[in-house]
Amino acid sequence: MTETDLPTPGNAPSEKKRSHALGLLSLGLFVLIAAVITWRVPHLFRAIQEARNLGPEAFQTNGFDLPVELLEDPSFIRWGVPGQIIAVDNPAVWGQEKVEELAKNFRKRFLISSSEVVGVRFGSEARAYPLRLLQWHEVVNDVVGGIPICVVYHPLSETICVFKRRADSTTGKPLLFGNSGLILDCCMLLNDRKGTGNRKQETLWSPVDGRALYGPLAGENLEFLPFSLTTWSEWLEAAPETVVMAMLESHRNYYKKEPYLPYRQRDLPKYPYSPEAPEGRKKLSRVKVVGQGSNRSATPTDGSDLKLNSEPFTVS
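The opening residue of the sequence shown carries number 8 in the working numbering; numbering runs sequentially from there.
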């Protein structure tokens with residue numbers, strides 16, 4: 008062994024620091040890989056199970072009964088499986104005291120005055136649904152003032168609506184809606200959930216105009232309900248008795264993120280759509296849609312007309 012092989016007082020600590028840093032890096036990579044696996048593997052298993060239950064065509068139709076002309080439409084996309092984005096049924100609610108309590112801690116802050124919410128009021132009950140929660144679930148099935156409702160926010164198309172959940176003709180109970188995993192004109196199609204084995208008994212609905220497009224109820228319409236798309240502070244002023252949809256513990260860490268902010272800033276819709284936005288307007292700028300079917304009309308909005316005191320509408 009030569010003298011240069013011997014450790015010196017100057018380099019021994021640096022070797023320890025280097026080993027410690029490598030250990031932390033390895034641990035960080037392990038945690039990251041584990042998180043990705045935890046996030047993606049359940050979806051992979053669900054897709055495999057869908058194929059087993061519904062046959063190979065499930066990778067194109069998700070098991071729904073769809074016409075050939077739709078499958079050949081370039082704006083029709085299958086992006087995932089039904090339920091991959093988890094809809095919320097009958098969410099818990101928080102009072103304003105809970106929101107104020109969380110606001111005292113920056114890391115736990117839930118809502119600030121400028122946070123966008125969908126606000127509804129039926130009878131003596133008022134409720135707010137923060138967009139920062141809705142963007143992770145897209146569909147919320149709830150009951151407010153005795154009325155079964157569905158609140159929808161599809162961030163890829165900026166589509167927002169509230170409608171009454173009609174009764175299931177078999178059970179008599181209000182239908183439960185979810186994201187079908189299918190896209191048409193860059194907007195998700197809703198499905199009335201009856202379970203994987205009953206997919207062909209489900210109907211696909213457009214949240215833009217409320218029409219049933221495919222399935223047993225094709226041709227029928229949802230009943231849109233009035234809502235406000237506003238800020239938390241403005242909603243508090245309009246509905247001081249309001250409560251707010253609570254966070255799900257399973258998604259608490261996700262709610263801190265804004266995954267669609269870069270998407271909106273780029274203003275490049277992810278999927279094909281028609282018609283194109285008028286020249287001079289951003290592709291993802293919001294419009295107010297009133298009416299249904301051939302009576303539908305859309306006008307640009309700055310948000311000031313998206314209030315409860317107007318007729319039912321959707322935003323897209």
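Where is the CB? At the ideal position from N, CA and C, for every residue including glycine.
Cβ-Cβ separation between residue 184 and residue 228: approximately 14 Å, too far for a contact (criterion under 8 Å).
Secondary structure of residue 171 (DSSP, three-state): strand. With contacts defined by Cβ atoms closer than 8 Å, residue 214 and residue 194 form a contacting pair. Counting only runs of 4 or more residues that sit fully inside the segment 76-125, the alpha helix (DSSP H) segments are 103-110, in chain order. Under DSSP, the beta-bridge partners assigned to residue 137 are 124. For residue 240, the enclosing alpha helix (DSSP H) stretches over residues 239-245. Collapsing the DSSP output to three states places residue 263 in a helix. Rounded to the nearest whole angstrom, the C-alpha separation of residue 307 and residue 298 is 15 Å. Exposure of residue 120 is indicated by the presence of fewer than 16 other C-beta atoms within 10 angstroms of its C-beta. Across the structure, residue 278 and residue 84 are spaced so that their CA atoms are roughly 8 Å apart. Note: residue 321 is bridge-paired with 296 in the DSSP secondary-structure output. Counting along the chain, residue 307 sits inside the beta strand (DSSP E) bounded by residues 304-307. In this structure, 291 is the residue among 291, 314 and 310 with its C-alpha nearest to the C-alpha of residue 164. Within its own chain, the residues whose Cβ lies closer than 6 Å to the Cβ of residue 234, once the five positions on either side in sequence are excluded, are 125, 127 and 169, listed in chain order.
In the three-state scheme derived from DSSP, where H, G and I count as helix and E and B as strand, residue 268 is classed as helix.
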